[in-house]
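Residue numbers (the numbering used here): 83 to 460.
Each residue gets a CB set at the ideal place from its N, CA and C atoms; glycine is no exception.
Since we're looking at a predicted model, the values are computed, not measured.
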């Protein structure tokens, strides 16, 4: 068993808010991996319902992911400039650009209702993206017996995660689809690959590391384990599963040559996120374009524009998140995909599980020695 995850297989289905569903999470967990729900875009009531639906489908552990971004810095001039820039696109579909924008996603940092809901529901694992909640919330989760994971994109963030008493780190490489989990989106981003980041973190921290970014098949999982990760997190690989909430346009593009080209951009939501390039991205990244409104305020504009376009059968303004390995996506039921990943992992060499200790999961004795040497040198 992968100690930190409480599952048999070193496979984690990424939370993917807006795409993950109870059916998807349960199917992955029932197959031996760790299924996940992304509730960052949900109300507390909606999240509670999703957890209940997942529990009705599985008695296995699953992960519930929340967004820990700082509240948006509202800048009236910047938001007005962004709406002015988008106005011609709204006009194409016969609607006026909105006169104002809302902060559509409430950060978990200030969402007491969501916090209390999670304490009531006590999922096996809660994971944090974009940062960390306050120490008292972390202590409360620990007291409730909830294990915790948090995303890091660099060693500094990983150090903060370890210092906060979190149980494990999701090492998100630059290849990953969806939102980059940077604590501070304005900070300089070294844009570390998943392979480099995993090696840095398994030698510089004492926590189990889960590799994320561009991993689409068993060979990719094997590579992550060989680098020292205890498991691999796959997101784009699960989007084409019938259990996901991806719509027809999203699925069509992911199965086409368009999946060959993804881009990390802040224009859709206000935070860097990687998705399939479409007209919205090319328009908003054209020379002379203003900076987008802050996250998640900019997302409000993008979603309203996409809604207007979609009514006319146009999917060129949707956020279709995908990692750099998107062209390797396969259209399989989730349980069958997990089974296929395991067969590929076995074919790539070695067991389906990394070395595990009772107290902490480490990839190998060699990595343990490296951690000990690093601790002595600090």
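For residue i, which beta-bridge partners are listed by DSSP?
i	result
residue 261	355
residue 229	207
residue 403	357
residue 363	Bridge partners of residue 363: none, in fact.
residue 120	147
residue 89	84
residue 234	253
residue 344	358
Do residue j and residue i come within 8 Å of each other at the CB atom, strictly closer than that value?
i	j	result
residue 260	residue 408	no
residue 229	residue 206	yes
residue 245	residue 279	no
residue 281	residue 427	no
residue 195	residue 132	no
residue 365	residue 183	no
residue 250	residue 200	no
residue 390	residue 146	no
residue 344	residue 357	yes
residue 406	residue 296	yes
residue 215	residue 191	yes
residue 164	residue 372	yes
residue 106	residue 143	no
residue 134	residue 118	no
residue 175	residue 394	yes
residue 336	residue 404	yes
residue 116	residue 299	no
residue 150	residue 227	no
residue 400	residue 388	yes
residue 277	residue 309	yes
residue 162	residue 169	no
residue 239	residue 197	no
If you follow the beta strand (DSSP E) that residue i is in, where does it begin and where does it stop?
i	result
residue 349	Residue 349 -> no beta strand (DSSP E), and no H or E assigned at all.
residue 113	Element bounds for residue 113: n/a, residue is neither H nor E.
residue 172	No beta strand (DSSP E) holds residue 172; the alpha helix (DSSP H) holding it covers 158-174.
residue 93	93-95
residue 291	291-294
residue 251	250-254
residue 314	313-316
Relative to the C-alpha of residue i, which candidate in the options has its C-alpha closest?
i	options	result
residue 430	237, 302 and 112	302
residue 419	86, 93 and 87	93
residue 211	233, 204, 221 and 218	233
residue 154	334, 382, 138 and 425	382
residue 255	271, 342, 265 and 294	294
residue 263	90, 86, 91 and 98	98
residue 120	178, 271, 317 and 276	317
residue 347	359, 339, 395 and 338	359
residue 91	197, 192, 113 and 128	113
residue 108	136, 88 and 96	136
residue 122	299, 240, 219 and 100	100
residue 247	219, 385 and 273	219
residue 243	168, 209, 388 and 270	209
residue 222	150, 202, 89 and 313	202
residue 384	368, 362 and 275	362
residue 111	413, 425, 275 and 89	89
residue 342	396, 311 and 410	410
residue 129	370, 398, 204 and 274	204
residue 273	237, 139, 291 and 83	237
residue 268	159, 152 and 367	152
residue 83	320, 328 and 312	312
residue 241	291, 277, 257 and 258	291
residue 370	167, 161 and 139	167
residue 64	180, 148, 169 and 159	The chain is shown only over 83 to 460; residue 64 falls outside these bounds and no answer can be derived.
residue 158	367, 181, 138 and 412	181
residue 319	368, 412 and 397	412
residue 138	103, 124 and 258	103
residue 156	258, 186, 257 and 339	186
Please report the residue range of the alpha helix (DSSP H) in which residue i lies.
i	result
residue 388	379-392
residue 335	330-336
residue 422	416-429
residue 246	That residue, residue 246, is in no alpha helix (DSSP H); it is neither H nor E in DSSP.
residue 303	300-308
residue 277	276-286
residue 130	126-139
Decide if the segment 370-377 is in contact with the segment 347-361; the criterion is three or more beta carbon pairs, one per stretch, under 8 Å apart.
They touch, by the three-pair rule.
With contact counted as at least three CB pairs below 8 Å, one residue from each stretch, are the segment 283-292 and the segment 319-331 in contact?
No: fewer than three Cβ pairs fall under 8 Å.
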